[in-house]
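Reading through the structure tokens given below for one structure.
2 protein chains.
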Amino acid sequence: MRPRSAPPRRVTIVDVAQHAEVSTTAVSKVLRNAYGTSPAMRAKVRKAVAELGYRPSAAARGMRGQTYTIGVMLPDIRNPFFAEILDGVTEWLSDTEYQILLGPGCNGEAAEARVTETMIDHSMDGVILIAPVSSRSRLQHVASTVPTVVVGRHSHSTTYDSVADDDIAGAALVVDHLADLGHRRIAHIEHLETDPARIAEMPNAIRAEGYRQAMRAHGLADDIDIVSTTYTQQGGYLGAQQLLARPRRPTAIFAGADIVAMGVLEAIAQAGLTVPDDISVAGYDNTTFANFEPISLTSVDQAGREIGRSAARLLLERIAELDKPAAHIRLSPTLVTRRSTAAPPR
Amino acid sequence: MRPRSAPPRRVTIVDVAQHAEVSTTAVSKVLRNAYGTSPAMRAKVRKAVAELGYRPSAAARGMRGQTYTIGVMLPDIRNPFFAEILDGVTEWLSDTEYQILLGPGCNGEAAEARVTETMIDHSMDGVILIAPVSSRSRLQHVASTVPTVVVGRHSHSTTYDSVADDDIAGAALVVDHLADLGHRRIAHIEHLETDPARIAEMPNAIRAEGYRQAMRAHGLADDIDIVSTTYTQQGGYLGAQQLLARPRRPTAIFAGADIVAMGVLEAIAQAGLTVPDDISVAGYDNTTFANFEPISLTSVDQAGREIGRSAARLLLERIAELDKPAAHIRLSPTLVTRRSTAAPPR
DNA sequence: TTGAAAGCGCTAACAC
DNA sequence: GTGTTAGCGCTTTCAA
Chain A
1 MRPRSAPPRR VTIVDVAQHA EVSTTAVSKV LRNAYGTSPA MRAKVRKAVA
51 ELGYRPSAAA RGMRGQTYTI GVMLPDIRNP FFAEILDGVT EWLSDTEYQI
101 LLGPGCNGEA AEARVTETMI DHSMDGVILI APVSSRSRLQ HVASTVPTVV
151 VGRHSHSTTY DSVADDDIAG AALVVDHLAD LGHRRIAHIE HLETDPARIA
201 EMPNAIRAEG YRQAMRAHGL ADDIDIVSTT YTQQGGYLGA QQLLARPRRP
251 TAIFAGADIV AMGVLEAIAQ AGLTVPDDIS VAGYDNTTFA NFEPISLTSV
301 DQAGREIGRS AARLLLERIA ELDKPAAHIR LSPTLVTRRS TAAPPR
Chain B
1 MRPRSAPPRR VTIVDVAQHA EVSTTAVSKV LRNAYGTSPA MRAKVRKAVA
51 ELGYRPSAAA RGMRGQTYTI GVMLPDIRNP FFAEILDGVT EWLSDTEYQI
101 LLGPGCNGEA AEARVTETMI DHSMDGVILI APVSSRSRLQ HVASTVPTVV
151 VGRHSHSTTY DSVADDDIAG AALVVDHLAD LGHRRIAHIE HLETDPARIA
201 EMPNAIRAEG YRQAMRAHGL ADDIDIVSTT YTQQGGYLGA QQLLARPRRP
251 TAIFAGADIV AMGVLEAIAQ AGLTVPDDIS VAGYDNTTFA NFEPISLTSV
301 DQAGREIGRS AARLLLERIA ELDKPAAHIR LSPTLVTRRS TAAPPR
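Just so you know, the protein sequences line up as chains A and B, in that order. Take 1 as the starting number for the first sequence in UniProt numbering and just add one per residue. Take 1 as the starting number for the second sequence in UniProt numbering and just add one per residue.
What follows is the structure, encoded as structure tokens:
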């Protein structure tokens, strides 16, 4: 009745070697498809591995060679857009022998440092950092320790690769769409970026800049109206409240992220207004939420899956060739128009 | 200009020992707060650790002792309820030196096996399996290898601990609420469970059973109406379509999960009906989605955070004492009534 | 209280 | 093409 009397000793490479009547080196080589193994040997080893149910210990492997494990850090597990990226990563890696482990959702530099350290401590073969907020030097440090791909920042690092969408273009898609519908007072809710070093590469800051540029291009420079909050539902709610209280209320709100748009919709409903009759709303990320029929939110599609696939591909390439020059992929977003945007009230 | 010319050698316990002028054994002991270290020695070692920025290698640790890492497996990263549980786990472990790593979202037994194996391969100190679908014997196997807590199954295992909510009571809360409002034709959408071994412990099956019991208790045995699909948005959509096509349409739908309710709402909207005027809808899990003001879905709250905290606590207790008897915690759910439920149309 | 030394499971030189 | 051997960084006996 003792549940775990004897935690049975794990099958090791030595057991496999004995069972197959070869050396441990041979087993190791076969397992890694390394050079210098005869077909006969491979067959013997594979058979023994199967019969004994052997699995290599990633911990032991990590001390000498690879662990065949990729770490993925994502800031907020609740944001469905990140799940999309993750799907792409998973899809790309599913054909390989690499495993994935995720860091727990982390907000802020301290938590990010903790997560990346943990991944390094486990000697993961590479890490994918999704929308990190850490300083550039911190990312540099991580990348100098382990092959790294950064997703969602417009980086120009020579140390790590990056994948992001063209946020300037994405913001322009929204403004163009709203302007074409006849809107002039188009407001934007941004995630405030104070650190000047980060303004150049954080997507939120670039979306705001893209909004400004597009407004100017439409001759709407005087109508530029940005509220600075955070990319959260709460941020959208508070930001929208500010905008709705304006003497000349905007006729359209471009939220920097779908999660922000959720808060915006909530504030609008609470104010007794209707979307899109009284006010149009657009988001960014094209999450499942935006696609939810009763919501039907116009949103910028970043092709998260493709971003994830690209990130995984770049990482494997870097693992294979540590010195290869850094690649920086910019994917073009598209606009998915839905019922939350329409012509402004007259 | 070479980006990663020399990946600098990691600081090891030997470096710390030399710097502090003590033995590696001493360093190891201090790091683990082990018995037999003088205050003076501790001070010296701590100082050296800080000065050198030393971090223990989890990989190396894993070969002999603990890795101070907990693995959490969750089936679907998109379901916000799981994020809630995760928050609870994170909260409880934040006071400890344990780190968390998550498995990638997995659906199906094969994927679950892969994830748990990966965690074991990395010699994690313990694993928390959230709503696993694997067979009982498979869970037993995992638990006999590594301390395990299973979340969301009504298990009676002697090998692993478990935490779940009382799904019979949760279903009753919904039926009671709807019956009190005057509903009789209350339908239920369940996630189909065919494996007889699993019916007794899977929450979806127990919710369906709770629905049946509660309906009978209200004298509504003849109105029992269950559609079997899956716990997905698509499942809810298709299930609702079936129900709406009934000759005597139900006046209320109890979806087995909020994600299912999303699909239900979509089908209802598409059918040109209104919630709650034409039909009431209730969900299960009280996700952020249910709380979203424009939706305002009545839902059963499982106290996910508390579930996570309990799971983490049980796991640490088991890690400390491997032979302790298995504990099975059942938390009582509560009902959060919102605008999606009202009296039936007359 | 402290430290020397053996090994955890694996990979990588380097023989043969 | 194959096997022997020396570690990787850490924990853990076991002596001192």
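C-beta: ideal position from N, C-alpha, C; glycine also.
*Say whether chain B places a C-beta atom closer than 8 angstroms to the C-beta of Gln-234(A).*
no
* Contacts that Ala-269(B) makes with chain A (C-beta to C-beta distance below 9 angstroms) -> Glu-293 and Pro-294
Test: Asp-125(A) CB closer than 8 angstroms to a CB of chain B: no
Worksheet item: Which same chain residues, not among the five before or five after Arg-185(A), have their C-beta less than 6 angstroms away from its C-beta?
Response: Asp-223, Pro-250 and Thr-251
Practice prompt. Please specify which runs of the alpha helix (DSSP H), each continuous and at least 4 residues long, are wholly inside the region 79 to 122 of chain A, giving them in chain order.
Written response: 80 to 93 and 109 to 121
Close Cβ partners of Gly-304(A) (< 6 angstroms) along its chain, the five nearest in sequence each way excluded: Phe-81, Glu-84 and Ile-85
request  = Could you tell me which residues DSSP pairs with Ala-187(B) in its beta bridges?
outcome  = Asp-225(B) and Ile-253(B)
- prompt: What does Arg-78(A) touch in chain B if you count any residue whose Cβ is under 8 angstroms from its own?
  reply: Pro-80, Ala-83 and Thr-288
Beta-carbon separation of Arg-309(A) and Gly-88(A) under 8 angstroms? yes
Worksheet entry | DSSP-derived helix/strand/coil call for Ser-155(A) | coil
message: On the criterion of 16 or more Cβ atoms from any shown chain inside 10 Å, does Arg-64(B) qualify as buried, or is it exposed?
response: exposed
Using 8 angstroms as the cut-off, can you tell me whether the region 208 to 225 of chain A makes contact with the region 159 to 175 of chain A, which would need three or more C-beta pairs spanning the two stretches below that distance?
yes
Taking the alpha-carbon of Ala-342(B) as reference, which of Arg-246(B), Ile-279(B), His-188(B) and Asn-286(B) has the nearest alpha-carbon? Ile-279(B)
**Study point:** Residues that DSSP places opposite His-328(A) in a beta bridge
**Key:** Ser-162(A)
Taking the alpha helix (DSSP H) that Gly-210(A) belongs to, which residues open and close that run? 203 to 217
With 16 other Cβ atoms within 10 Å as the buried cut-off, status of Arg-318(A): buried
Environment of Tyr-35(A) [buried if 16+ CB atoms lie within 10 Å] = exposed
* To do: Taking 8 angstroms as the threshold, find out whether the region 64 to 77 of chain B comes into contact with the region 274 to 292 of chain B through three or more Cβ pairs.
  => no
I need the boundaries of the alpha helix (DSSP H) containing Ala-261(B), first residue and last residue. 258 to 270
| If you run the structure through DSSP and keep just helix, strand and coil, what is Ile-307(A)? | helix
Next on the checklist: Check this for me: beta carbons of Val-151(B) and Ile-168(B), under 8 angstroms apart or not?
Outcome noted: no
Ser-340(B) in three-state terms, based on DSSP: coil
**Message:** Just to make sure I have the definition right: I need the residues of chain B whose C-beta is within less than 9 angstroms of the C-beta of Thr-118(A). Which are they?
**Reply:** Ala-58, Thr-69, Gln-99, Ile-100 and Leu-101
For Thr-148(B), three-class secondary structure by DSSP:
strand
Q. In three-state DSSP terms, what is Tyr-231(B)?
A. coil
Is the Cβ of His-122(A) closer than 8 angstroms to any Cβ of chain B? yes
Check your understanding: Among Ser-137(B), Ser-135(B) and Ser-144(B), which residue has its Cα nearest to the Cα of Val-127(B)?
Key -> Ser-144(B)
Excluding the 5 residues flanking Asp-258(A) on each side, which residues of the same chain have their C-beta closer than 6 angstroms to its C-beta? Gly-283, Asp-285, Thr-287, Phe-289, Ala-290 and Ser-299
Please work out which residues of its chain come closer than 7 angstroms, Cβ to Cβ, to Ile-77(A), disregarding the five sequence neighbours upstream and downstream, and give them in chain order. Gly-105
Which listed residue (Asp-301(B), Arg-313(B) and Met-262(B)) has its alpha carbon closest to that of Val-336(B):
Asp-301(B)
* **For Leu-243(A) and Gly-108(B), the rounded distance between their alpha carbons** => 46 angstroms
Of the residues Pro-75(A), Gly-103(A) and Pro-56(A), which one's Cα is nearest the Cα of Glu-97(A)? Pro-56(A)
Partners in chain A for Asp-75(B), counting only beta-carbon separations shorter than 9 angstroms: The sequence shown places Pro at residue 75(B), not Asp. Result: empty, since nearest Cβ-Cβ is about 12 angstroms, beyond 9 angstroms.
Q. Where does Ile-295(B) sit, in a helix, a strand or coil, going by DSSP?
A. coil
Locate the beta strand (DSSP E) running through Val-14(A), then write down its first and last residues.
From DSSP, Val-14(A) is part of no beta strand (DSSP E) but of the alpha helix (DSSP H) over 13 to 20.
Report task. Would you give the residue range spanned by the beta strand (DSSP E) that Ile-128(B) belongs to? Result -> 126 to 130
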